[in-house]
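*Asks:* Shown below is the structure under consideration.
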Amino acid sequence: GESVGLHLPTLSVQEGDNSIINCAYSNSASDYFIWYKQESGKGPQFIIDIRSNMDKRQGQRVTVLLNKTVKHLSLQIAATQPGDSAVYFCAEKSGGSNYKLTFGKGTLLTVNP
Amino acid sequence: DAGVIQSPRHEVTEMGQEVTLRCKPISGHNSLFWYRQTMMRGLELLIYFNNNVPIDDSGMPEDRFSAKMPNASFSTLKIQPSEPRDSAVYFCASSWTGRNTEAFFGQGTRLTVV
Chain A
1 GESVGLHLPT LSVQEGDNSI INCAYSNSAS DYFIWYKQES GKGPQFIIDI
51 RSNMDKRQGQ RVTVLLNKTV KHLSLQIAAT QPGDSAVYFC AEKSGGSNYK
101 LTFGKGTLLT VNP
Chain B
1001 DAGVIQSPRH EVTEMGQEVT LRCKPISGHN SLFWYRQTMM RGLELLIYFN
1051 NNVPIDDSGM PEDRFSAKMP NASFSTLKIQ PSEPRDSAVY FCASSWTGRN
1101 TEAFFGQGTR LTVV
């Protein structure tokens, strides 16, 4: 029979453009969020995090925006480079737990030179 | 620090055989996690240890799976007997205990059960 797998959302951008990757989270009690980057054949790598008492946080070339009203998280990557090509996951940690990270499905970002 | 170290990187085994995956967390971290990643289900938490004690094993699929952490620098995930549906990439991650701390992942073990 036909196998059904996770159909990752995909985003394809040109090198040098800005990328925006979106994530809808499920638990309104979540109070800590992380974006991870996973390159082929590697484990997820931490990019940036944000606490629920913030709505924006900036890192080097990356910005995370948090909208608690609609339970939405986004990752903005400025001047996207070929090395940014990867699967990006958002993860949430619920307020009732100090350890359990729940991961989203991931978004595949492809950067075209 | 070398980061979280997992071994082996790849494992191919026959159905019914015992498989043992190994993990060395980052020195000083007191939380350790085992995750499984598949195309069907994404990243799933299997078990969480804090200070070497299993705290939450609700994600362990069934009794064929077991995990131990005999000391702060070593953990194993064992599957006995293995089945083809166990084929996946298994990740170990470690962190400090705390609400706002990220987990650091190893490179993973790609398990194929034939």
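So the protein lines, in turn, are chains A and B. Here this note's numbering is used: the first residue of the first sequence is 1, the next is one more, and so on. Here this note's numbering is used: the first residue of the second sequence is 1001, the next is one more, and so on. The beta carbon of each residue, even a glycine, is placed where N, CA and C say it ideally should be. Every value quoted in this text rests on a predicted model; they were computed, and no experiment measured them.
(1) With a cut-off of 8 Å, does the C-beta of alanine 1103 of chain B fall near any C-beta of chain A?
(2) Hey, is the region 10-29 of chain A in contact with the region 68-79 of chain A, meaning 3+ C-beta pairs nearer than 8 Å?
(3) Using alpha carbons as the reference points, say which of B/Arg1009, B/Gly1003, B/Asp1056 and B/Asn1052 lies closest to leucine 1045 of chain B.
(4) Evaluate serine 40 of chain A with the Cβ neighbour count: other Cβ atoms within 10 Å of its Cβ, from every protein chain shown; 16 or more gives buried, anything less gives exposed.
(5) Which first and last residues belong to the beta strand (DSSP E) in which glycine 1042 of chain B is found?
(6) Note down, in chain order, all residues in the region 19-46 of chain A with a beta-carbon under 9 Å from any beta-carbon belonging to chain B.
(7) State buried or exposed for histidine 1029 of chain B, treating a residue as buried only when at least 16 other CB atoms are found within 10 Å of its CB.
(8) From proline 82 of chain A to asparagine 112 of chain A, what does the alpha carbon distance come to, in whole angstroms?
(9) Measure from the C-beta of glycine 1 of chain A to each C-beta in chain B and report whether the shortest distance is under 8 Å.
(10) So, are the CB atoms of aspartate 49 of chain A and glutamate 1102 of chain B less than 8 Å apart?
(11) Between leucine 108 of chain A and the rest of its own chain, which residues show a CB-CB distance below 6 Å, the 5 nearest in sequence each way excluded?
(12) Using a Cβ-Cβ cutoff of less than 7 Å, which residues in the same chain neighbour tyrosine 17 of chain A once the five nearest sequence positions on both sides are dropped?
(13) Give me, in chain order, the residues of the same chain whose beta-carbon lies closer than 7 Å to that of arginine 1036 of chain B; leave out the 5 immediate sequence neighbours on both sides.
(14) Using C-beta distances below 6 Å, list every residue in its chain close to leucine 1021 of chain B, excluding the 5 sequence neighbours before and after it, in chain order.
(15) Any idea what DSSP makes of aspartate 1057 of chain B, helix, strand or coil?
(16) If you count every other CB in all the chains shown that lies within 10 Å of the CB of isoleucine 20 of chain A, and 16 or more means buried, which is it?
(17) Cβ closer than 8 Å: which chain A residues qualify as neighbours of tyrosine 1048 of chain B?
*Replies:* Reading off the structure:
(1) It does: the Cβ of alanine 1103 of chain B has a partner Cβ on chain A nearer than 8 Å.
(2) Yes: at least three Cβ pairs fall under 8 Å.
(3) If we check each option's Cα against that of leucine 1045 of chain B, B/Asp1056 comes out closest.
(4) Classified as exposed, serine 40 of chain A has fewer than 16 neighbouring CB atoms from the shown chains inside 10 Å of its CB.
(5) Element bounds for glycine 1042 of chain B: 1042-1050.
(6) Those would be Asp31, Tyr32, Ile34, Tyr36, Gln38, Gly41, Lys42, Gly43, Pro44, Gln45 and Phe46, in chain order.
(7) Label assigned to histidine 1029 of chain B: buried.
(8) Their Cα atoms are separated by approximately 7 Å.
(9) At glycine 1 of chain A, the pLDDT of 37 sits below 50, so the modelled position is not reliable; the number obtained from the coordinates is stated separately. Taking Cβ atoms only, chain B never reaches closer than 8 Å to glycine 1 of chain A, which makes this a no.
(10) A contact, by the Cβ cut-off of 8 Å.
(11) Within its own chain, the residues whose Cβ lies closer than 6 Å to the Cβ of leucine 108 of chain A, once the five positions on either side in sequence are excluded, are Leu8, Thr10 and Val87, listed in chain order.
(12) The amino acid at residue 17 of chain A is misidentified as tyrosine; the sequence shows aspartate. So the list reads Thr80, once near-sequence residues are dropped.
(13) For arginine 1036 of chain B, the CB contacts under 7 Å within the same chain, skipping 5 residues up- and downstream, are Glu1044, Leu1046, Ala1088 and Tyr1090 in chain order.
(14) Excluding residues within five positions, the ones whose Cβ falls inside 6 Å are Leu1077, Tyr1090 and Thr1109.
(15) If DSSP states are grouped into helix, strand and coil, aspartate 1057 of chain B belongs with coil.
(16) So isoleucine 20 of chain A counts as exposed.
(17) The contacting residues are Tyr99 and Lys100.
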